[in-house]
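Plus 26 on top of the position in the sequence shown (first one is 1) and you've got the working numbering. Following: one structure in structure tokens, then a few remarks.
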Amino acid sequence: MSDLVRRLSEGRHPVVVSLRPEPSMKALRECLNRKFVHIKFTGTQGGTELGVPIDVERSDLASADLDAGTGRLTLAGDLTLDYVKVRCIAEIELPALTGDGHLEPIPN
């Protein structure tokens with residue numbers, strides 16, 4: 027397991043939802059509709075941005091009101107980082123689009 031995967035699997039870390047061309051509820055809604063979002067772990071050297079396919083079964087979107095830009099999202103999805111299968115889990119506060127997250131290694 028790489029040092030990065032190990033570090034992001036221990037404890038909770040600051041994250042931000044990376045939205046382009048600029049952060050907005052509209053851009054977030056588009057990511058949720060296509061079930062793919064970029065989550066950036068801001069506490070690593072230079073930041074670590076991960077493309078996360080959203081697992082609808084493991085995510086919780088019910089506590090957020092995207093129209094009002096309020097509430098909290100729990101986004102989860104599986105990906106491979108440094109040849110290790112991991113689950114990314116991020117708790118995101120609206121409207122700031124920031125929160126905390128971590129990785130969970132997925133056993134083979």
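Backbone N, C-alpha and C fix where the C-beta goes; we use that ideal spot for every residue, glycine too. Given the structure is predicted, the values throughout are model-derived calculations rather than measurements.
Buried or exposed by the 16-neighbour rule on C-beta atoms within 10 Å, applied to residue 73: exposed
Would the beta-carbon of residue 70 be found less than 7 Å away from any heavy atom of the ligand COA? Because no ligand of any kind appears in the structure shown, any question about the ligand COA cannot be addressed here.
Alpha-carbon spacing of residue 95 relative to residue 48, whole angstroms: 15 Å
Suppose you measure from the CA of residue 113 to the CA of residue 71; what does that come to, to the nearest Å? 21 Å
Span of the alpha helix (DSSP H) around residue 54: 51-60
Using C-beta distances below 6 Å, list every residue in its chain close to residue 104, excluding the 5 sequence neighbours before and after it, in chain order. 113
For residue 44, I'd like the list of residues in its chain whose CB is within less than 6 Å of its CB, leaving aside the five on either flank, ordered along the chain. 64, 66 and 75
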